Structure formats: structure tokens, C-alpha cells
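Asker: From first to last, the protein sequence lines are chains A and B.
In terms of UniProt numbering, the first sequence has 8 at position 8, counting the first letter as 1, and numbering is strictly consecutive.
In terms of UniProt numbering, the second sequence has 86 at position 86, counting the first letter as 1, and numbering is strictly consecutive.
Glycine is no exception: its CB is placed at the ideal position from the N, C-alpha and C atoms.
Keep in mind the model is a prediction, meaning the values are calculated, not measured.
Below: one structure in C-alpha cells.
Number of protein chains: 2
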Amino acid sequence: MADRAQLIQFLQTGGRITQPQAEEIAQEFTAKTIGKNEFLLRAGQVSDDYVFLDQGFLRAFAYDIDGQDITTGFYGPGQVALEVASFFQRTPSLEYLQALNECQGWRISFTQLNELFHSRNDFRDFGRSVLVRGFAALKNRMLATITEPAAVRYEQLLRSQPALFQHTPLKYVASYLGITDTSLSRIRKGGGKR
Amino acid sequence: MADRAQLIQFLQTGGRITQPQAEEIAQEFTAKTIGKNEFLLRAGQVSDDYVFLDQGFLRAFAYDIDGQDITTGFYGPGQVALEVASFFQRTPSLEYLQALNECQGWRISFTQLNELFHSRNDFRDFGRSVLVRGFAALKNRMLATITEPAAVRYEQLLRSQPALFQHTPLKYVASYLGITDTSLSRIRKGGGKR
DNA sequence: CCCATCACTTACCAAATGACAAGAAACGCC
DNA sequence: GGCGTTTCTTGTCATTTGGTAAGTGATGGG
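Listed below in C-alpha cells is the structure:
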């Protein structure tokens, strides 16, 4: 079984948590494996998984009014896979979280997380910063969706998450970018821009 | 001067904080007036204002690569006006926050907020829920931007924030919706969508 | 190994939106 | 109250994107 090295490293990003503290905190997490195509969360369920990913990719998606499958996010190694609203508000999820390939990570429950927040100031700040970084990333994505043409957004995703493309069908990328698989195909062909 | 009644009420939403506790917490906030067109935050500054709005509307905006003014958000009465990334991460803001009309609200600083989080479990949970609700709202907006045509997004905004339209030029609404003022004008004319 | 399904590409046409420009209306400043 | 600026609308045309459908290649289960 993998050890907690990456998790411990992750807890130290930002410098709020020292190595020995990180090692203690990491003990609260339990190993979690998610098989390919397995669901970490389904719509209607209340999420109770806060998962730091060592390996693998997850896709978040929802169905729109027309029954269309829309990708709302991707999660990869080094990231926390989490449906924020359902997990923190204890409400039924509107989204699905599904493994694109075999995933390996570390999990804690809502109750455990709260106990850690309660007992450890440093971890509380760290937890908040995870939330804030996710918020900021979503805001950037929103701004790019409004200001950048689809071809540019595609190129940015390709540059920032190249490994993702080895594990997900392009149609999932297309709906994440807000376009159809047809348009993405045209963009990839090349003539698209300039 | 306005009293803290609305703020005290707001602190009790969600039921985590009782009336007497809310009254204590509210004492930490100080009255804040923002004149029309005044900036609560400018790009490059580190935000230190966590402001609960009693009255008035604020607009958040950024300039894209082409120097275009893009509206990233609106804040109205009953909401917390806040640039999350700059305030919590103590980093220079990429956005401006400007009053669309005379605003009246209640403010605390980053330091004060942290002290309250530290000393009061209930307020800590409340503060997290403010963040989580903002996150969820942004996610919904992102999904709507991808799945709904501009005409529908316009109608939804009109229904959910009718008062906003009495205080902001339509061109600001247009960039918020991700379209040009020309397109918004055509949508408003009517033929646009069933 | 075969066949059904899925993923991706390509083509054609329609709809939505943008770029640009001109004009009307509202607003604000002096 | 007049004048310049800003806001909003409208028109024309180009571009982007979507809808639909067909076709090819890859994939996977039996």
C-alpha cells in the first residue's frame, strides 16, 4: 500500500503546518481506492468523502434540463476531490463524481474533518485555504469562459493538465469547455484560431 | 446611523448562532458607508474588508487581456461583499469592487475575522458556510453559462435580482452574462428566445 | 474472433453572437 | 439650461458555434 508521503507533503504547502504536525494529521486519513468507472458520489447522496488524490483522475458531472451530461470539473493527483456544497452543507449532491481510471488517495469524513478543524488551528487555516484556492480557480475559469474563445481555453487546459487527456474521452473535455464534441474536433484540427 | 438589526438577523440564518450570540458578534463589526462610484477595493491592493451589505449595490470587475472591463459579480443588500482570494490569501487583488450607488453596511477586518473564528466555534462554521454558499452559487452560474443560452440567463438574473437593474448600466450586466451590450439589447427587444 | 457500441471526425446548413458603425436618448457637469 | 459624454438601440455583415447526420476506426464483451 502507498504511504502517506504525498499527503504529508500536501499538508505542508503554504507553510502553515510543520512536518511533525503534518504526520500526525495524516494519520487521520485512511487509504481509499476507487476503481475505474466507479462512483465516489452520485446525485441525491450526501457526500461524506474529502479525498486527497495520489493517483488517477476523477470527473465531476451533472445532467442539465435536457438530460445532457455536462462535465463540471476534473480532479487529478495532488488535488482534493470534493463536492463542496454537498459535503459541507450536508445536502444531496446535484453532481456525480466518477473515476476515469484507477484512483488511489486518502480520505476523511465530514465528522473527522470537523474534529481536526476544532482541535488544530493550523489545520483549520489549511482547510480554509483549500476552499479558497478552489474558489479562486473556479473564478478564473468563469472569467476565461467569458473572455476567451473556446480554442484558447482548450489550449490552456491542454498545457495545464496534459496528463488528463490520456485518461478522458474528448467529449468530456468538450462539455467542460462549454462546447460540443463537434466544435472541439474542429478546434483540434487546427484552423480554429488566428 | 443604522443599527445592526439586519446583520444580527443574517448571523442567525442557518440556525447555528443564537440571538444573544449574534448580538455579541455583531458588536465587532463597524459601520461602513461607500459613496456612489467609490471603490471598496482596487486591483493591486490586498483586501481587508469583509462587508455585510445593508443597502446599495456593488460591482466587481476586472480587465481582460484586451483591456476590456468585465463584470465578475454583483453584490446587493443581505449579501457579503468580498473578494475571497485577496482577502483570505492576503494577495493583491486582480479585481475592483466599486459602489454602483450609495452603500451602507458593516465591516470587519481579516484580523478581526480570524480572532472571531478562533474564539467562537459557531461563528467559524457560519463563516465557512458563507464561503461554501458563494462557491455553490458560482458553480451554478458556471453551469448555467455552459448550458443555458444568454436570453435565459438574462431572464433568470432579472427575476432573481430585479432591484439590481435600477442601479447598474446594462453594459455591466452584459459582460456579467458573457455577451456584448449589443446582444443584450437584442435579447431585451424580445424576439430572441421563445 | 465477431459484432455492437463508443469515440472521433467531417460535412452541411441554421442559429447565435460579435465587430463595427451610426443615430437617438439619457445623464451629468458647468 | 445647454452641451458634451455616456448609454442604449438598431442595422449590416462576418464569424463562431450548434444541430444533425454520416462515416471510420477503436474498444470491449461474449
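Applying a beta-carbon distance threshold of less than 9 Å, which residues of chain B neighbour V173/A?
Answerer: Chain B residues near V173/A: none, gap ~13 Å exceeds 9 Å.
Asker: Between F135/B and chain A, is the shortest Cβ-Cβ distance under 8 Å, so that the two count as touching?
Answerer: For F135/B, the answer is yes, since a Cβ of chain A falls inside 8 Å of its Cβ.
Asker: With distances taken between CB atoms, is the gap from residue 195/A to L170/A smaller than 8 Å?
Answerer: With chain A represented from 1 up to 194, any question about residue 195/A goes unanswered, as that position is not in the structure.
Asker: Output, in chain order, the set of chain B residues within a Cβ distance shorter than 7 Å of R128/A.
Answerer: Chain B residues near R128/A: F88.
Asker: Give a yes or no on contact between the region 35-48 of chain B and the region 90-109 of chain B, applying the rule of three or more CB pairs nearer than 8 Å.
Answerer: Segments in contact, yes.
Asker: Can you pull the chain B neighbours of I70/A, defined as C-beta to C-beta under 7 Å?
Answerer: By Cβ distance, chain B contributes L143, I146 and T147.
Asker: Using only the alpha-carbon positions, how far apart do I146/B and V152/A sit?
Answerer: Roughly 16 Å separates the two Cα atoms.
Asker: Quick one: which chain B residues come within Cβ less than 7 Å of D64/A?
Answerer: Near D64/A (Cβ distances below 7 Å), the residues of chain B are T147.
Asker: Quick check on L7/A: buried or exposed, where buried means 16 or more other Cβ atoms within 10 Å of its Cβ?
Answerer: Its Cβ being crowded by 16 or more others within 10 Å, L7/A is buried.
Asker: Below 6 Å CB to CB, which residues in the same chain sit around A144/B once its five sequence neighbours on both sides are set aside?
Answerer: Once the five neighbours on either side are set aside, the close Cβ partners of A144/B are R153.
Asker: Closest by CA to F61/B, which one among Q21/B, T72/B, D54/B and F165/B?
Answerer: Taking only the C-alpha atoms, the option nearest F61/B is T72/B.
Asker: Quick one: which chain B residues come within Cβ less than 8 Å of G178/A?
Answerer: Neighbours of G178/A on chain B, chain order: T145 and I146.
Asker: Just curious, the alpha helix (DSSP H) that D122/A is in, first and last residue?
Answerer: Counting along the chain, the alpha helix (DSSP H) containing D122/A begins and ends at N121 to T147.
Asker: Taking the C-alpha atoms as reference points, what is the distance between L131/A and A85/B?
Answerer: If I take the Cα positions, the gap works out to 10 Å.
Asker: Tell me, please, whether the CB atom of Q6/A is closer than 8 Å to any CB atom in chain B?
Answerer: So no, Q6/A is outside the interface.
Asker: Would F165/A be called buried (16 or more neighbouring beta carbons within 10 Å of its own) or exposed?
Answerer: It is exposed - the Cβ of F165/A has fewer than 16 other Cβ atoms within 10 Å.
Asker: Taking contact to mean at least 3 C-beta pairs separated by less than 8 Å, is the region 119-127 of chain B in contact with the region 69-83 of chain B?
Answerer: These segments do not touch.
Asker: For the UniProt domain "Cyclic nucleotide-binding" (17-117) of chain B, which segments carrying the beta strand (DSSP E) assignment without a break, of at least 3 residues, lie completely within its bounds, in sequence order?
Answerer: The qualifying runs are 30-34, 39-41, 50-55, 58-63, 69-75, 96-99 and 103-108.
Asker: Identify whether P169/B lies in helix, strand or coil by the three-state DSSP scheme.
Answerer: It is coil, neither helix nor strand.
Asker: Would you mind giving the Cβ-Cβ distance between residue 195/A and S93/A, rounded to the nearest angstrom? I have them listed as a contact below 8 Å.
Answerer: The requested residue 195/A is not part of the displayed model; chain A covers only 1 to 194.
Asker: According to the neighbour-count rule (16 or more other Cβ atoms, all chains shown, within 10 Å of its Cβ), is K189/A buried or exposed?
Answerer: Exposed, by the Cβ-count rule.
Asker: Cutting at 7 Å between CB atoms, please list the residues of its own chain near G192/B, excluding the five before and the five after it.
Answerer: Its pLDDT being 37, under 50, G192/B is placed unreliably in this model, and the value from its coordinates should be taken loosely. Closer than 7 Å at Cβ, skipping near neighbours: A151 and R186.
Asker: By how many angstroms is the C-alpha of F52/A removed from the C-alpha of W106/A?
Answerer: Their backbone Cα atoms lie some 5 Å apart in a straight line.
Asker: By the criterion of Cβ-Cβ separation under 8 Å, what are the contact partners of H118/B in chain A?
Answerer: Per Cβ cutoff of 8 Å: N121.
Asker: Which stretch, first to last residue, makes up the alpha helix (DSSP H) that contains A5/A?
Answerer: First-last of the alpha helix (DSSP H) with A5/A: A5 to L11.
Asker: Starting from T182/B, follow the alpha helix (DSSP H) in both directions and report where the run begins and ends.
Answerer: Looking at the DSSP string, the run of the alpha helix (DSSP H) that includes T182/B is D181 to K189.
Asker: For a contact meaning CB atoms closer than 8 Å, what does L131/A contact in chain B?
Answerer: The contacting residues are R128, L131, V132 and F135.
Asker: For chain B, find out if any of its Cβ atoms is closer than 8 Å to the Cβ of V51/A; answer yes or no.
Answerer: Cβ-Cβ to chain B under 8 Å: no for V51/A.
Asker: Do F87/B and S47/B have their C-beta atoms closer together than 8 Å?
Answerer: It is a contact, given that the beta carbons lie within the stated cut-off.
Asker: Buried or exposed for G56/A, please, with buried defined as at least 16 other CB atoms from any protein chain shown within 10 angstroms of its CB.
Answerer: The residue in question, G56/A, is buried, as its Cβ has 16 or more Cβ neighbours within 10 Å.
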